[in-house]
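Quick note: the sequence shown uses the UniProt record's numbering, first residue 1, plus one each step. C-beta: ideal position from N, C-alpha, C; glycine also. Owing to the predicted nature of the structure, the values given are computational and were not obtained by experimental measurement. Have a look at the structure below before the remarks.
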Amino acid sequence: MQHYDDVRYIATVDTKDEVQGKIERWEAHTKGILHRALTLAVFVKDTVLLQHRKHPVFDSVYDMTISTHQQYKDSTLQTDEEAMYQTLKRELLLAPSSLKQIPQYKGTVMYQANDPKSDFIEHEVCHVYTCSVDAHPNFDPAYAYDLKAYSLETITNQTNSLYSRLAPWVKEMIKKGMV
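Dropping the structure here:
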């Protein structure tokens, strides 16, 4: 797929989330280099949308609604908002006007996890946001196997079979009470 084949540069950061430079995204994921990312949890009424992820890294896990990286265009790093809106349009066909409010920043999680199905490593400082929409959106099947709404009680219940299929960064968000 074109999006995954394109060369894209993302920000390397230190443990304080200060930008240290830029790196090609697949190099970062192959070497486990600490880099910046973001995740947006989109709520519909009293449920949160989980994406059944279709991706070279952590394929088939359940992720929050969207996860992405702030990318460089020349020497300028995208803002979180630019990266979110670009991903919402690409993966969920949503315009910013579809959101009930501007995404709310909830904090960061830092984690490192090896993908059990590939040689890729996630090592991120992930900015976490939430927002809501009025109706369940569509999704582009090139980026997700499915998009379903779940109650917070369901996704936070560690005895539920879904919990074991959550992306590592989602479990960190749950531990920190960010969703």
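Report task. Decide yes or no for the touch test of the region 36-44 against the region 60-76: beta carbon pairs closer than 8 Å, at least 3 of them. Result -> yes
Requested in this report: Note down the Cα distance separating residue 150 from residue 157, rounded to an integer number of angstroms.
Outcome: 11 Å
Report task. Would you give the residue range spanned by the alpha helix (DSSP H) that residue 111 belongs to? Result -> No alpha helix (DSSP H) holds residue 111; the beta strand (DSSP E) holding it covers 104-114.
**Report entry** At least three beta-carbon pairs within less than 8 Å, the region 95-105 to the region 129-139
**Finding:** yes
Requested in this report: Examine the Cβ distances between the region 139-153 and the region 109-127 and report whether three or more of them are shorter than 8 Å.
Outcome: no
Query - Alpha carbon of residue 34 to alpha carbon of residue 28, nearest angstrom - result: 7 Å
Query raised in the report: What distance in whole Å lies between the Cβ atoms of residue 58 and residue 122, which are believed to be in contact at a cut-off of 8 Å?
Result: 7 Å
Query raised in the report: Which residue's Cα is closest to the Cα of residue 32: 146, 155 and 111?
Result: 111
Query raised in the report: Roughly how many angstroms lie between the CA atoms of residue 16 and residue 114, to the nearest whole one?
Result: 22 Å
Requested in this report: Mind checking which residues open and close the alpha helix (DSSP H) that includes residue 83?
Outcome: 80-92
Requested in this report: Report the partner residues of residue 9 according to the DSSP bridge assignment.
Outcome: Residue pairing of residue 9 in beta bridges, as defined by DSSP: 24.
Report task. Would you grab the beta carbon distance between residue 92 and residue 19 for me? Rounded to a whole angstrom, and I think it's under 8 Å. Result -> With 8 Å as the limit, residue 92 and residue 19 do not qualify as a contact, their Cβ atoms being about 28 Å apart.
Query - Counterpart residues of residue 129 in DSSP-defined beta bridges - result: 40 and 105
Query raised in the report: DSSP state of residue 163, grouped into three classes?
Result: helix
Report task. Pick helix, strand or coil for residue 124, following the three-state DSSP scheme. Result -> Correct three-state label for residue 124: strand.
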